[in-house]
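A.B. asks: Next up is a structure, given as structure tokens.
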Amino acid sequence: MEFIEAPSPNFDDRVVPVSLIVLHYTGMEDADAALVRLRDPGAGVSAHYLVAEDGTILRLVDESRRAWHAGRSHWRGVRDVNSASIGIEIVNPGHQLGYRPFPEPQIDAVIRLVADIKQRYAITRGNVVGHSDIAPDRKDDPGELFPWGRLARLRLALPRPTKHLMDPEWGDAGFLLALERFGYDVRDPVKSVIAFQRRFRPEMIDGIVDAECRMILLALLLPKPQGDD
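By the UniProt record's numbering, the letter at position 9 of the sequence shown is numbered 9, and the numbering carries on one by one without gaps.
Written as structure tokens, this is what we have:
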């Protein structure tokens with residue numbers, strides 16, 4: 001992988017092995033603004049990589065160290081997500097500053113980077129996640145415009161189930177139990193449903209559990225011969 005070194009002072013030591021990749025958008029005006037913040041000792045935030053809109057990849061924190069990108073978060077029993085993950089910030093102004101589609105050169109670079117990291121650490125597809133997946137009560141990124149389907153087709157993320165769907169007819173409480181089993185923190189029920197929809201049904205994000213949501217989640221939970229690797 002080719003990248004530009006742009007060291008950030010915001011890191012500390014890992015205490016658990018890497019098992020996750022977390023994708024973010026920067027939510028700032030441009031790459032320069034994001035880079036300043038991610039390297040500001042007073043800001044207390046960082047990531048391992050920053051991917052610019054033209055596809056340039058900058059390395060801010062060595063993968064052996066814990067970058068500070070996840071904040072208060074949780075995924076599949078992991079609560080120190082910073083320690084267990086590689087964090088990738090993708091330059092995009094985000095929902096507050098004019099959210100827009102991610103350019104092709106940028107996504108091409110993200111795909112190369114995720115593929116490289118996933119292979120080296122043997123990370124499963126189910127552990128390639130967005131910030132909104134691990135912190136549904138706080139975060140919306142990388143958002144509904146992020147092309148998860150492209151990553152899924154390359155076996156870099158879980159696909160959205162589309163075939164042989166069955167409605168388990170769970171009530172809301174049953175859906176939330178299943179969503180928690182899948183990996184989400186469901187302490188804020190509506191926001192956890194929104195995060196699930198943002199990831200697996202981005203064309204309708206309303207926080208309402210319906211038959212389509214139930215069918216998608218059931219399919220994701222059912223054992224698959226190939227696993228989620």
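Even for Gly, the Cβ is constructed at its ideal location relative to N, Cα and C.
Mind checking whether Leu38 and Ser64 have CB atoms under 7 Å apart?
C.D. replies: The residue labelled residue 38 in the question sits at position 38 within the sequence shown. The residue labelled residue 64 in the question sits at position 64 within the sequence shown. No, these two residues do not count as a Cβ contact at 7 Å.
A.B. asks: Kindly identify the DSSP beta-bridge partner or partners of Phe11.
C.D. replies: Walking along the sequence shown from the start, residue 11 turns up at place 11. Answer is Ala67.
A.B. asks: Applying the 10 Å Cβ sphere with the 16-neighbour rule, what's the burial state of Leu154?
C.D. replies: The sequence position of residue 154 within the sequence shown is 154, counting from 1. That one is exposed.
A.B. asks: Could you check whether Pro168 and Arg214 sit closer than 7 Å to each other, using their CB atoms as the reference points?
C.D. replies: One-based indexing of the sequence shown puts residue 214 at position 214. One-based indexing of the sequence shown puts residue 168 at position 168. Result yes, Cβ atoms of Arg214 and Pro168 sit closer than 7 Å.
A.B. asks: Check this for me: beta carbons of Val61 and Ser46, under 7 Å apart or not?
C.D. replies: Counting from one through the sequence shown, the residue named residue 61 turns up at place 61. Counting from one through the sequence shown, the residue named residue 46 turns up at place 46. Yes, the Cβ-Cβ distance between Val61 and Ser46 is below 7 Å.
A.B. asks: Report yes if the C-beta distance between Val114 and Thr26 is below 7 Å; otherwise report no.
C.D. replies: Taking the sequence shown and counting its residues from 1, the one referred to as residue 114 is at position 114. Taking the sequence shown and counting its residues from 1, the one referred to as residue 26 is at position 26. Contact flag unset, no.
A.B. asks: Along the chain, where does the alpha helix (DSSP H) containing Leu177 start, and where does it finish?
C.D. replies: The residue labelled residue 177 in the question sits at position 177 within the sequence shown. Per DSSP, Leu177 belongs to the alpha helix (DSSP H) from 172 to 182.
A.B. asks: My guess is that Phe102 and Pro147 are in contact by the Cβ rule of under 8 Å, so how many angstroms apart are they, rounded?
C.D. replies: For the purposes of this step, residue 102 is taken as the residue at position 102 of the sequence shown. For the purposes of this step, residue 147 is taken as the residue at position 147 of the sequence shown. Right, their Cβ atoms sit about 7 Å apart.
A.B. asks: Between Gly143 and Arg201, which are expected to be in contact by the criterion C-beta below 8 Å, what is the C-beta distance as a whole number of angstroms?
C.D. replies: Here residue 143 is taken as the residue at index 143 of the sequence shown, counted from 1. Here residue 201 is taken as the residue at index 201 of the sequence shown, counted from 1. Contact flag wrong, Cβ pair sits at about 14 Å.
A.B. asks: Mapping the DSSP letters down to three states, classify Leu217 as helix, strand or coil.
C.D. replies: Position 217 of the sequence shown, counted from the first residue, corresponds to residue 217. Helix at Leu217.
A.B. asks: Tyr99 by DSSP, collapsed to three states: which one?
C.D. replies: The sequence position of residue 99 within the sequence shown is 99, counting from 1. Note: Tyr99 maps to coil in three-state DSSP.
A.B. asks: Please work out which residues of its chain come closer than 8 Å, Cβ to Cβ, to residue 230, disregarding the five sequence neighbours upstream and downstream, and give them in chain order.
C.D. replies: Residue 230 falls outside the range modelled here, since the chain spans only 1 to 229, and no answer is possible.
A.B. asks: Reducing DSSP to helix, strand and coil, say where Arg76 ends up.
C.D. replies: Walking along the sequence shown from the start, residue 76 turns up at place 76. It is coil, neither helix nor strand.
A.B. asks: Once you ignore the five residues that flank Pro105 on each side, which residues in its own chain have a CB closer than 6 Å to its CB?
C.D. replies: The sequence position of residue 105 within the sequence shown is 105, counting from 1. Excluding residues within five positions, the ones whose Cβ falls inside 6 Å are Asp54, Gly55.
A.B. asks: In whole angstroms, give me the CA-to-CA distance for Gly87 and Asp206.
C.D. replies: For the purposes of this step, residue 87 is taken as the residue at position 87 of the sequence shown. For the purposes of this step, residue 206 is taken as the residue at position 206 of the sequence shown. Approximately 28 Å between the Cα atoms of the pair.
A.B. asks: Just to confirm my understanding: we take Asp140, look at its own chain, exclude 5 residues before and 5 after, and list those with CB closer than 6 Å. What are they?
C.D. replies: For the purposes of this step, residue 140 is identified with residue 140 of the sequence shown, where counting begins at 1. If we look at Asp140 and ignore the five residues flanking it on each side, its Cβ neighbours are His95, Ser132.
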